[in-house]
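A.B. asks: Number 255 in full-length UniProt numbering belongs to position 255 of the sequence shown; there are no gaps in the numbering. Shown below is the structure under consideration.
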Amino acid sequence: MSTAAAPYLARRTFAIISHPDAGKTTLTEKLLLSGGAIRAAGQVRARGERRRARSDWMKIEQERGISVSSSVMTFERRGIIYNLLDTPGHEDFSEDTYRTLTAVDAAIMVIDAAKGIETQTRKLFEVCRLRDIPIITFVNKIDREGRHALEILDEIQEALALDVAPMTWPVGMGSDFFGVYDWKKNLFCTSNGERGGPYTQARPVSGLDDPILVDTVFDRILAELAENVELGAEGYAAFDRESFLEGHLTPVFFGSALRDYGVEDLLDFIAEHAPAPHAQPATGGRVIAPDEADVTGFVFKVQANMDPKHRDRIAFVRLCSGTFRRGMKLKHVRAGKTIAVSAPIFFFAEEREIAEEAYPGDVIGVPNHGQLRVGDTLTEGEEIHVTGLPAFAPEVLRRVRLSDTMRVKQMRQGLEDLAEEGLVQIFKPDLGSNWIVGVVGMLQLDVVIDRIKNEYATEIGFETVPYTTARWIECDDPLKLQKFIEANRMSVALDRDDKPVFLFKSTWEVNYVGEKNPDIRFRETREIV
Ligand code: GDP
Numbered sequence: 001m002s003t004a005a006a007p008y009l010a011r012r013t014f015a016i017i018s019h020p021d022a023g024k025t026t027l028t029e030k031l032l033l034s035g036g037a038i039r040a041a042g043q044v045r046a047r048g049e050r051r052r053a054r055s056d057w058m059k060i061e062q063e064r065g066i067s068v069s070s071s072v073m074t075f076e077r078r079g080i081i082y083n084l085l086d087t088p089g090h091e092d093f094s095e096d097t098y099r100t101l102t103a104v105d106a107a108i109m110v111i112d113a114a115k116g117i118e119t120q121t122r123k124l125f126e127v128c129r130l131r132d133i134p135i136i137t138f139v140n141k142i143d144r145e146g147r148h149a150l151e152i153l154d155e156i157q158e159a160l161a162l163d164v165a166p167m168t169w170p171v172g173m174g175s176d177f178f179g180v181y182d183w184k185k186n187l188f189c190t191s192n193g194e195r196g197g198p199y200t201q202a203r204p205v206s207g208l209d210d211p212i213l214v215d216t217v218f219d220r221i222l223a224e225l226a227e228n229v230e231l232g233a234e235g236y237a238a239f240d241r242e243s244f245l246e247g248h249l250t251p252v253f254f255g256s257a258l259r260d261y262g263v264e265d266l267l268d269f270i271a272e273h274a275p276a277p278h279a280q281p282a283t284g285g286r287v288i289a290p291d292e293a294d295v296t297g298f299v300f301k302v303q304a305n306m307d308p309k310h311r312d313r314i315a316f317v318r319l320c321s322g323t324f325r326r327g328m329k330l331k332h333v334r335a336g337k338t339i340a341v342s343a344p345i346f347f348f349a350e351e352r353e354i355a356e357e358a359y360p361g362d363v364i365g366v367p368n369h370g371q372l373r374v375g376d377t378l379t380e381g382e383e384i385h386v387t388g389l390p391a392f393a394p395e396v397l398r399r400v401r402l403s404d405t406m407r408v409k410q411m412r413q414g415l416e417d418l419a420e421e422g423l424v425q426i427f428k429p430d431l432g433s434n435w436i437v438g439v440v441g442m443l444q445l446d447v448v449i450d451r452i453k454n455e456y457a458t459e460i461g462f463e464t465v466p467y468t469t470a471r472w473i474e475c476d477d478p479l480k481l482q483k484f485i486e487a488n489r490m491s492v493a494l495d496r497d498d499k500p501v502f503l504f505k506s507t508w509e510v511n512y513v514g515e516k517n518p519d520i521r522f523r524e525t526r527e528i529v
């Protein structure tokens, strides 16, 4: 890569999507290992400075008691900066995952070779498709017995309505696993001898009749490989970058994260073909291009301080344009205020550092006292909001029960804070009674009880409500909307931004009320800003 090229062109910001247990954690570790998890030269100018920067951060961390899990992992490999954004594995936190996907330019979809496409994979895939995020498929665990390679390719093609382009082929699976064959580069990726052992070498071969293959691999496995290669050339799409970038085609790599097969293929592929930071849509039809001079960025995640004595949080900001420098004053558009970003943080696999400079595609952590929340936009003055961060209709609704009524204030503060983090949604019923919280999964409720207790010294519980789902209500005619709300006061609540929400008792009711009120829109998602 030319040194004159804009730094953002060397950024690759991506996430891994998968069903639990497919191997996301293992693959993440292996990607970090392959990348050496080291920061770019130039970013960290000298070792001394690096040490100072690190201790600066540690001081802040100690003073403020902030503890941040590895939500972003940045590493450099061969001149490319990879920003891997972690998505929570548990299905109950999928909302967080969806938002994180608004901050990436590509995704790796990990599939278990024995299980194929699973429910969570499909859901997350749909989110990527909605946003036209290019997907790279990694068929994992081929060192175990799995489905036939062609069967897996067909399943991806059919289940996701996507062209598949096989990039590599497994050489046997399970007890007959010899390695991976790269049919484009004519490489046999294999172990150092022992069959099925960890990947150690990519051996150049002249073709499938090369003695290296013929002498090591069982005849029937080689015959199957030959058949796959032949069918693969005829029956599937050839890799086409344009089609991949548009989200119509997914390149498929076979591998074993556990035994290191296919991991470097992914990094090489991302470096060569995955997109550099994309242009970001914003309000007023504005599209923020990464090569614009002024800095813009948006918060896609907020993480609270783990120390109950402090109220500090980290807002994860994805930069969309400009060159960010430490100490910059940025406009916090929603609040109409200017904030000085004096201690921005870069996240690496095992450490954090003060970010002196950052480019589009990079993610910086901005410590704050709760001003910044998910969906917020930071600019050098322009009055725009980045669009496309959804809030989802909750699937679980509960009324908050407070045993000590003297602590209403603390409870409300706590719930509002957690809502700002994006952990829960709050709905304030029009008619007096206690707030209702909405979550996407039950596990979130336990987290809320726990955190309100530890961080706000307030014991709360939840009781069931007759409602099963909620929809944001909108209407082009404000008068009509007002009339509708008044006629349905028992069922209408306001969300944390005072947007009206209709609480429904059943999906039947959603349809019924919808049909009766054709002028009102009942939305399952709403843009956060
Ligand atoms: P996650 O839930 O998607 O993060 O999955 P993990 O990375 O935790 O993996 C789930 C299980 O599958 C663990 O026991 C891993 O050791 C195992 N696993 C992951 N990758 C492979 C692989 O390539 N081959 C085999 N045999 N096991 C694997």
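Here a beta-carbon is modelled for each residue, glycine too, at the ideal position from N, C-alpha and C. Being a predicted model, the structure only gives us computed values, none of them experimental.
Quick check on DSSP: helix, strand or coil for Y199?
C.D. replies: Correct three-state label for Y199: coil.
A.B. asks: For the beta strand (DSSP E) that contains D163, what are its first and last residues?
C.D. replies: 163–166 is the extent of the beta strand (DSSP E) around D163.
A.B. asks: Within this structure, are the beta carbons of R407 and T458 separated by less than 7 Å?
C.D. replies: Contact flag set, yes.
A.B. asks: Considering only the alpha carbon of each residue, which of L397, A419, V386 lies closest to G370?
C.D. replies: Selected option, being the one with the closest Cα: A419.
A.B. asks: State the DSSP-derived secondary structure class of M109, mapped to helix, strand or coil.
C.D. replies: Looking at M109 - three-state DSSP - the assignment turns out to be strand.
A.B. asks: Please classify K331: does DSSP put it in a helix, a strand, or coil?
C.D. replies: Looking at K331 - three-state DSSP - the assignment turns out to be strand.
A.B. asks: Can you tell me the Cβ-Cβ gap for E151 and D294, rounded? I've got them flagged as a contact below 8 Å.
C.D. replies: Wrong, their Cβ atoms sit about 51 Å apart, outside the cutoff.
A.B. asks: Give me, in chain order, the residues of the same chain whose beta-carbon lies closer than 7 Å to that of C189; leave out the 5 immediate sequence neighbours on both sides.
C.D. replies: Around C189: G179, V180, D182, Y199, A202, Y261.
A.B. asks: Rank D209, L27, R373, G172 by C-alpha distance to the C-alpha of residue 565 and give the top, closest one.
C.D. replies: An answer regarding residue 565 cannot be provided, because it is not within the stretch 1 to 529 covered by the chain.
A.B. asks: So, under 8 Å CB-CB, T87 and T100 are touching, yes? Tell me the CB distance rounded to an integer number of Å.
C.D. replies: Indeed, because the Cβ distance is near 5 Å, the residues count as touching under 8 Å.
A.B. asks: Can you name the start and end residues of the alpha helix (DSSP H) that T507 belongs to?
C.D. replies: Counting along the chain, the alpha helix (DSSP H) containing T507 begins and ends at 507–516.
A.B. asks: With 16 as the cutoff for other CB atoms within 10 Å, does W508 come out buried or exposed?
C.D. replies: Burial call: exposed.
A.B. asks: Classify S206: buried if its beta carbon has 16 or more other beta carbons within 10 angstroms, exposed otherwise.
C.D. replies: By the 10 Å Cβ count, S206 comes out exposed.
A.B. asks: Per DSSP, what kind of secondary structure is Q157 in: helix, strand or coil?
C.D. replies: Helix, per DSSP.
A.B. asks: Measuring straight from C-alpha to C-alpha, what distance separates L402 and I16?
C.D. replies: Cα to Cα, L402 sits roughly 39 Å from I16.
A.B. asks: Taking three-plus beta-carbon pairs below 8 Å as touching, is the segment 101–116 in contact with the segment 130–150?
C.D. replies: Yes: at least three Cβ pairs fall under 8 Å.
A.B. asks: Does DSSP put T296 in a helix, a strand or coil?
C.D. replies: Looking at T296 - three-state DSSP - the assignment turns out to be strand.
A.B. asks: If you measure from the CB of R401, is any heavy atom of ligand 1 nearer than 6 Å?
C.D. replies: Answer for R401: no, Cβ out of range of ligand 1.
A.B. asks: Would you say I384 and A282 are within 7 Å of each other, going by their C-beta atoms?
C.D. replies: The answer is yes: Cβ separation under 7 Å.
A.B. asks: Cα separation between D362 and R318?
C.D. replies: Roughly 6 Å separates the two Cα atoms.
A.B. asks: What are the partner residues of P281, as DSSP defines its beta bridges?
C.D. replies: Looking at the DSSP assignment, P281 forms a beta bridge with V287.
A.B. asks: Please state whether DSSP places V396 in a helix, a strand or coil.
C.D. replies: Strand.
A.B. asks: Quick one: is the Cβ of A106 within less than 6 Å of any heavy atom of ligand 3?
C.D. replies: Because ligand 3 does not appear in the structure shown, any question about it cannot be addressed here, the ligands present being ligand 1.
A.B. asks: Quick one, are the C-beta atoms of A276 and A165 less than 7 Å apart?
C.D. replies: Going by C-beta atoms, A276 is not nearer than 7 Å to A165.
A.B. asks: Between N140 and ligand 1, is there a pair consisting of the residue's CB and a ligand heavy atom that are separated by less than 6 Å?
C.D. replies: Under cutoff, so the answer is yes.
A.B. asks: Keeping to the same chain, check which residues put their C-beta closer than 7 Å to that of F254; ignore five residues upstream and five downstream.
C.D. replies: Closer than 7 Å at the Cβ level, and outside the excluded window around F254, lie V139, I142, A149, T168, W169, P170, V180, G262.
A.B. asks: Given a threshold of 16 other Cβ atoms within 10 Å of its Cβ, counted over all protein chains shown, does I212 qualify as buried or as exposed?
C.D. replies: Label assigned to I212: exposed.
A.B. asks: Please find out if some non-hydrogen atom of ligand 1 comes closer than 6 Å to the beta-carbon of A393.
C.D. replies: No, since every heavy atom of ligand 1 falls outside the 6 Å radius drawn around the Cβ of A393.
A.B. asks: Provide the residue(s) that pair with R352 in DSSP beta bridges, ordered along the chain.
C.D. replies: DSSP, once it has assigned bridges, lists F347 as partnering R352.
A.B. asks: Return the residue from the list A271, T250, N368 that minimises the CA-CA distance to D154.
C.D. replies: Comparing Cα positions, the closest option is T250.
A.B. asks: Just confirm the distance between the C-beta atoms of A315 and V333, as a whole number of angstroms; I'd bet it's less than 8 Å.
C.D. replies: That pair is no contact at about 14 Å.
A.B. asks: Checking 7 Å against the spacing of the C-beta atoms, do R241 and H273 come in under that value?
C.D. replies: Taking 7 Å as the Cβ cut-off, R241 and H273 qualify as a contacting pair.
A.B. asks: Kindly list the residues whose CB is nearer than 8 Å to the CB of E35, restricted to its own chain and excluding five residues on each side of it in sequence; keep chain order.
C.D. replies: Position check: residue 35 holds Gly in this sequence, whereas Glu was assumed. The residues are F75, E76, R77, Y82, L267.
A.B. asks: Taking the CB atoms as reference points, tell me whether I449 and F484 lie closer together than 7 Å.
C.D. replies: No. Outside cutoff.
A.B. asks: Using 6 Å as the cut-off, classify the Cβ of L258 as near or not near the heavy atoms of ligand 1, replying yes or no.
C.D. replies: Yes, since a heavy atom of ligand 1 falls inside the 6 Å radius drawn around the Cβ of L258.
A.B. asks: Going by other Cβ atoms of all chains shown within 10 Å of its Cβ, with 16 needed for buried, is V287 buried or exposed?
C.D. replies: Per the 10 Å Cβ criterion, exposed.
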